[in-house]
Amino acid sequence: MAASSLSSLSLRKPSPLSLSWKTNTHLSAISRSTLSLPRRTNPIFIVFAMDAKPTVLVAEKLGEAGLDLLKSFANVDCSYNLSPEELCTKISLCDALIVRSGTKVSREVFESSAGRLKVVGRAGVGIDNVDLAAATEHGCLVVNAPTANTVAAAEHGIALLTAMARNVAQADASIKAGKWQRNKYVGVSLVGKTLAVMGFGKVGTEVARRAKGLGMHVIAHDPYAPADRARAIGVELVSFDEALATADFISLHMPLTPSTSKILNDENFAKMKKGVRIVNVARGGVIDEDALVKALDSGIVAQAALDVFTVEPPSKDSRLVQHENVTVTPHLGASTMEAQEGVAIEIAEAVVGALKGELAATAVNAPMVPAEVLTELKPYVVLAEKLGRLAVQLVAGGSGVKSVKVTYASARAPDDLDTRLLRAMITKGIIEPISSVFVNLVNADFTAKQRGIRISEERILLDGSPESPLELIQVQIANVESKFASAISDSGEIKVEGRVKDGIPHLTKVGSFEVDVSLEGSIILCRQVDQPGMIGTVGSILGEENVNVSFMSVGRIAPRKQAVMAIGVDEQPSKESLKRIGEVPAVEEFVYLKL
């Protein structure tokens with residue numbers, strides 16, 4: 001390894017490096033031989049030993065193809081519409097449970113299984129009805145079926161788009177009421193209109209393909225979508241505000257996360273072109289429904305077509321549902337015969353594979369890891385995830401995250417330090433903030449590969465005592481622009497570095513600046529001119545709003561030159577307070593990062 005690479009790590013150990021070990025492997029090529037397991041541990045993954053044929057309880061209707069696959073391997077009990085009490089009674093006799101969205105798999109279900117339940121399969125994408133924490137505590141794997149619905153959801157999005165544009169639902173109701181109102185239901189053409197696809201994942205991509213075929217100009221916003229994938233189908237990636245300002249039609253395909261909840265609100269409706277039309281086949285919670293009603297009444301939004309709602313089913317007297325310019329369907333995105341069969345097969349294959357002890361790519365909770373390994377790695381696991389979250393929040397939208405490099409510095413030999421859990425947590429930190437996918441040790445590599453993210457790992461073996469598993473973890477994201485220019489290292493990548501001190505994860509480097517701040521709460525990073533009074537000025541702004549500062553650290557190039565101040569805060573500052581920090585004359589740039 002080049003000497004320049006070693007110097008950039010700013011290692012604390014004074015001893016010379018005796019060995020460097022490096023992998024630069026695409027995720028599809030990672031294997032057990034590449035990342036050796038520790039010599040001392042028991043198997044990490046759950047293996048389901050079956051002396052007799054297992055029993056699978058199917059609690060909601062499943063396609064025949066999926067049932068046939070299950071019956072070829074297990075005893076299948078199809079019992080629908082079970083009450084919570086009936087489910088708890090039955091579950092102690094079952095090795096696997098398959099549900100859709102209507103059955104709540106609560107902690108009581110896992111407790112009632114008395115350890116026999118090994119797999120829960122959710123026939124669909126969302127897993128809000130499954131208590132993941134309880135499943136993990138009881139050693140139960142949870143799997144879902146995330147891919148079979150893609151085309152069906154995209155087709156339904158296009159169906160709503162065209163029906164809305166030509167007033168199909170309203171005209172149908174009118175003529176069935178004995179009216180003939182041709183002039184009232186004059187529609188708009190799609191050809192030449194701009195469609196903004198908000199969320200360029202699987203469904204969003206398929207909607208874009210179909211809209212291009214209808215002659216529409218398609219733009220998309222997804223801060224982490226690869227630009228080359230968009231260009232390949234003739235789609236331009238733009239900023240969130242540009243998408244809102246230029247679109248004639250907006251189609252929502254983003255996951256429901258804390259950052260997207262009610263993202264279409266009063267403030268963002270005001271940014272839209274007057275007369276915009278909106279389609280939502282994603283998640284109801286991404287729209288502030290009261291704000292949408294106001295936007296419809298004012299004419300900012302001409303029409304909306306909705307398949308999903310914040311509360312399902314919505315109330316019968318919902319102003320949104322009853323609005324004359326709104327077309328609604330009862331969450332039919334996945335409701336085609338083909339999609340239902342595909343979901344049935346996908347979930348059946350996942351459940352059978354898990355019962356056989358195979359690793360499930362669609363697992364959504366963590367597998368069992370030996371207690372001694374978890375105990376030792378616990379603070380480093382937290383550090384790894386938070387470094388991933390910090391790094392991805394520093395990325396400016398547009399180019400997408402494609403190349404991530406993780407460096408571990410340790411005194412332990414490669415075969416005494418299994419980095420799979422750490423790599424998985426970094427992947428979790430990078431992907432989960434902008435996705436509805438749950439990332440863990442089982443599905444991390446698969447999930448990153450699906451999104452075109454290439455992760456390379458580099459280990460530096462230090463001289464010294466191997467008592468501590470790691471000296472530091474460094475995460476670099478290449479070929480992206482940063483919201484915070486100071487996070488760019490001398491070699492051109494976004495770089496963050498952390499260490500564990502007294503059991504607490506700390507951020508110790510941002511770009512080329514040394515800092516020292518505990519990774520608790522959230523962080524404000526400021527690049528400033530190094531001068532007296534800056535800590536007091538910024539601290540006073542936060543104090544006036546009763547925002548508690550937990551840590552503050554300043555790293556500088558040289559006295560009176562540029563410095564980076566890292567501030568740990570327990571509460572989220574208001575937009576006004578952040579604006580005031582940005583207006584401090586000596587502050588050149590700043591960014592607020594949620595952990």
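Residue 595, in the working numbering, is where the sequence shown stops; the numbers in between run on with no holes. C-beta: ideal position from N, C-alpha, C; glycine also.
What three-state label does DSSP hand residue i in the structure shown?
i: E111; result: helix
i: Y80; result: coil
i: I541; result: helix
i: L264; result: strand
i: F200; result: coil
i: L252; result: strand
i: G213; result: helix
i: Q181; result: coil
i: T327; result: strand
i: V381; result: helix
i: I287; result: strand
i: V207; result: helix
i: V392; result: helix
i: A247; result: coil
i: A334; result: coil
i: F269; result: helix
i: A295; result: helix
i: I46; result: Low local confidence applies: a pLDDT of 41 at I46 is under 50, so the model's placement there is unreliable, and no value is given.
i: R423; result: helix
i: K449; result: helix
i: S192; result: One detail in the question is off: residue 192 reads as Gly in this sequence, not Ser. Reduced to three states, the DSSP call for G192 is coil.
What residue range is occupied by the uninterrupted beta strand (DSSP E) comprising residue i?
i: A302; result: V301 to L306
i: V547; result: Premise fails: V547 is in no beta strand (DSSP E) and is neither H nor E.
i: G121; result: V119 to R122
i: L141; result: L141 to N144
i: I278; result: V276 to N280
How is the alpha helix (DSSP H) around residue i delimited, first residue to last?
i: S174; result: V168 to K176
i: A153; result: T150 to A165
i: N443; result: Looking at the DSSP string, N443 is not in any alpha helix (DSSP H), and its letter there is neither H nor E.
i: S403; result: Where S403 is concerned, there is no enclosing alpha helix (DSSP H), although the beta strand (DSSP E) it sits in stretches over S403 to S410.
i: V343; result: M337 to L355
i: I434; result: Per DSSP, I434 belongs to no alpha helix (DSSP H) and is neither H nor E.
i: S578; result: Residue identity check: residue 578 is Leu in the sequence provided, not Ser. That run of the alpha helix (DSSP H) goes K575 to E583.
i: D228; result: A227 to A232
i: L320; result: R319 to Q322
If you count every other CB in all the chains shown that lies within 10 Å of the CB of residue i, and 16 or more means buried, which is it?
i: M337; result: exposed
i: D241; result: exposed
i: N546; result: exposed
i: N167; result: buried
i: Y80; result: exposed
i: G102; result: exposed
i: V381; result: buried
i: E583; result: exposed
i: V191; result: exposed
i: T375; result: exposed
i: N605; result: This structure leaves residue 605 out entirely; the chain is present only between 1 and 595.
i: E471; result: buried
i: S577; result: buried
i: Q322; result: exposed
i: D418; result: buried
i: D445; result: buried
i: N548; result: exposed
i: L383; result: buried
Spell out the partners DSSP gives residue i in its beta bridges.
i: S522; result: V569 and K594
i: A220; result: V197 and L237
i: E589; result: R527
i: S456; result: K405
i: T55; result: N75
i: A363; result: V143
i: A563; result: Q528 and R556
i: V105; result: V130
The ligand FAD and residue i: does the residue's C-beta get closer than 8 Å to at least one heavy atom of that ligand?
i: L70; result: Ligands in the displayed structure: none, and consequently the ligand FAD is not present.
(request) Tell me the start and end of each unbroken beta strand (DSSP E) in the region 57-103 that is at least 3 residues and wholly inside, in chain order. (result) 75-78 and 96-99
(message) Could you tell me which whole beta strand (DSSP E) segments of length 3 or greater appear in the region 458-526?
(response) 472-478, 494-501, 504-510 and 513-518
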